Amino acid sequence: MTFFNYLFSAWPEILHLTIQHLMLVGIAVGLAILIGVPLGIVMIRHRWLASPMMGVATVILTLPSIALFGLMIPLFSRFGQGLGPLPAITAVFLYSLLPIMRNTYLALDGIEHGIKEAGIGIGMTFWQRLRLVDLPLSVPVILGGVRTAVVMNIGVMAVAAIIGAGGLGVLILHAISQSNMQKLVVGAVLISLLAIVADLLLQWLQRLLTPKGMQKS
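The following block contains the structure:
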């Protein structure tokens, strides 16, 4: 069976696994945005927390993905969820935190002092300035962290198939066990294409949300 024959004959399964893969990554990164951005704000508000929080997130990111998935199994087994999507989403969520936290912190820290002084001068509180000025200006840089997290974790989520999470990693696992090169190539190519397409879409969104005054001519 050739590459294209397999692709056309198995497209319903491939489509299902692709959608599943995107949902797993989307949920994990979405949660990381909801938690990582506020943590970045907390680090700006209380700067002494920046180093320890960044340090913990960096240590998590340096753990091999297969080891982190393995650590999730006994933790979630206590609740009967040792295998499946929940531990996979949790692990990828943890991997996504550092780039989003870091970019949020750096973006807010990089706001020009004059802009901050202007907000203070017209009587804005920290939270008013954050909502109306700082965060809108920081969105492009924060999205840069989201891009990094999404592209990186599309690949990481493929490894999560070993703990029964599903996604395109299933094709690769089956291909290895069956010595099926067509299935292996399809799985690897689709994961790469998903990462490229996601990066291009987020890059377009990043440019769209960048204020015109900040765009390079």
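Positions 0 to 216 (numbering that gives the first Met the number 0) are the ones given, in order, by the sequence shown.
Don't be surprised by glycine CBs; every beta carbon is placed ideally from N, CA and C.
This structure is a prediction, so every number in the text was calculated from the model and none was measured.
For residue 173, the enclosing alpha helix (DSSP H) covers residues 168 to 177. In this structure, residue 28 places its C-beta atom within 8 Å of the C-beta atom of residue 95.
By the criterion of a C-beta distance shorter than 6 Å, residue 194 is surrounded in its chain by 150 and 153, once the five residues flanking it on both sides are discounted.
In the three-state reduction of the DSSP assignment, residue 116 falls in the helix class, which pools H, G and I. Collapsing the DSSP output to three states places residue 111 in coil. Annotated three-state conformation of residue 87 is helix, per DSSP. Residue nearest to residue 67 within the set 51, 87 and 183 is 87 (criterion: CA-CA distance).
For residue 125, the enclosing alpha helix (DSSP H) has its first and last residue at 125 to 128. With at least 16 other beta carbons inside 10 angstroms of its own, residue 90 counts as buried.
When DSSP states are grouped into helix, strand and coil, residue 160 belongs to the helix group. When DSSP states are grouped into helix, strand and coil, residue 7 belongs to the helix group. Per DSSP, the continuous alpha helix (DSSP H) segment holding residue 68 begins and ends at 64 to 76. Sorting 209, 54 and 7 by C-alpha distance to the C-alpha of residue 141 places 209 at the top. Taking residue 49 as the centre and dropping the five residues before and after it, the same chain places the C-beta of 42 and 104 closer than 7 Å to its C-beta, in chain order.
Counted as a single uninterrupted DSSP element, the alpha helix (DSSP H) harbouring residue 185 occupies residues 180 to 208. The beta-carbon distance between residue 183 and residue 175, rounded to whole angstroms, is 7 Å. This is short enough to meet the 8 Å contact definition.
Annotation: the continuous alpha helix (DSSP H) that includes residue 55 extends over 49 to 61. For the options 111, 166 and 201, the alpha carbon positioned closest to that of residue 15 is the one of 166. Judged by DSSP in its simplified three-state form, residue 45 adopts coil rather than helix or strand.
Taking C-beta atoms under 8 Å as the contact rule, residue 84 and residue 148 fail to qualify, at a distance of about 18 Å. Taken through DSSP and simplified to helix, strand or coil, residue 82 comes out as coil.
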